[in-house]
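Structure first, commentary second.
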Amino acid sequence: MASLITCPHCGTRPKEEFSIRGAAAPKRPSPTAKDEAWHVYVYVRDNPKGRYQEYWHHVAGCRRFLVVERDNLTHEVFGVTDAAEFERAGADE
Amino acid sequence: MSINLLHRHVLDDHISGFETDTNPNHLSIIRRPVIFSVLAHESRETAVAEALWNAEDVAPRFCSPSEWLAVSRTVGAGMVADMLSGIAGASFVDQSDGRVLVEISGPSVRAILAKCVAIDLHPEVFEEGHSAAMLCCHAEANVARTGADRFEIIVPRSLAGSVFEELMEMGREHALTRGFVD
Ligand SMILES: [Zn+2]
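Protein sequences appear in the order of chains A and B. When you line the first sequence up against the numbering used here, it's residues 1327 to 1419, in that order. When you line the second sequence up against the numbering used here, it's residues 110 to 291, in that order.
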């Protein structure tokens, strides 16, 4: 259930401790990127149904940004990683 | 130097006027705890954590992978600051005036806290010596298990009044008593 999120630092916590900060998959353009790239990043977003990755900020716990992979239809949670680790894993690819 | 706001405790107003004997379930307000916030510089997290856990007279409280509270009820702020300045890769700041430390203990402590926090406090999940940041009575708090039936709760000074009132309310059916300890 998405109402319980297992934070890698704090353990299993209720969703009330978190703030959802949007999709984690879109890659942020460089500061010097063209306006078009920024427009796409800021405004042109998918509205997925099913499994996707999302930033969750653990406001009332460790205050770390996490990436929660979950299904927004069934509320099933597949995994939670620290956002710094998620970034590193993305950079390695 | 920080101004010593603890000269008059923030919870004095909530308690004065009553004198009660302590019951088995009791809430102690520590009058002058020393509480430092400690941050580890990047990549020094493990070394700083190790140094904190080996430090004498100081109880470390886990907040996040690079942040802890260093709590002492026995030594002064100066000694804690001296100890912390000896840890390489750590930044710290005295938070004693900005935080309130209470200790709740007794046979019904888990039943009381079950109404205050939304995490599992079973000893197999939240064991003795364990601490974490969590919501307690809707306020950001650091909760630590210091004994089988004993917990320490650290809350921001500005929220201490409402947290205290709610803890007492939740403990009323278990005859929770309260008082200062020096
Ligand atoms: Zn957390």
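Glycine included, each C-beta is placed from N, C-alpha and C at the ideal position. Computed from a predicted model, the values in this text were never measured in an experiment.
Neighbour flag for CYS1333/A against chain B, beta carbons, 7 Å | no
Can you give me, in chain order, the residues of the segment 1381-1402 of chain A that have a beta carbon less than 9 Å from any beta carbon in chain B?
-> HIS1384, VAL1385, ALA1386, GLY1387, CYS1388, ARG1389 and ARG1390
So, do the segment 282-291 of chain B and the segment 249-260 of chain B have three or more beta carbon pairs nearer to each other than 8 Å?
-> no
Label HIS1384/A either buried or exposed according to how many other C-beta atoms from any shown protein chain fall within 10 Å of its C-beta, with 16 as the threshold for buried.
-> buried
Grouping DSSP H, G and I as helix and E and B as strand, with all else coil, what is MET1327/A?
-> Residue confidence for MET1327/A is low, a pLDDT of 39 falling below 50, so the modelled location carries little weight and cannot support an answer.
Would you say the beta carbon of CYS1290/A comes nearer than 6 Å to a heavy atom of ligand 1?
-> This structure leaves residue 1290/A out entirely; chain A is present only between 1327 and 1419.
From this set, VAL218/B, ALA197/B and MET188/B, which residue's C-alpha is nearest ASN134/B's C-alpha?
-> VAL218/B
With distances taken Cα to Cα, identify the nearest neighbour of VAL252/B among LEU222/B, LEU268/B and GLU233/B.
-> LEU222/B
Return yes when at least one heavy atom of ligand 1 lies under 6 Å from the C-beta of GLU1333/A, else no.
-> Just to set this straight, residue 1333/A is Cys in the shown sequence, not Glu. Yes, ligand 1 has a heavy atom inside 6 Å of this Cβ.
Start and end residues, beta strand (DSSP E) containing HIS135/B | 135-139
Cβ of CYS1388/A within 6 Å of any heavy atom in ligand 1?
-> yes
Chain D residues whose Cβ lies nearer than 8 Å to that of GLU1343/A | The structure shown contains no chain D; its protein chains are A and B.
Which first and last residues belong to the beta strand (DSSP E) in which ARG287/B is found?
-> 286-290
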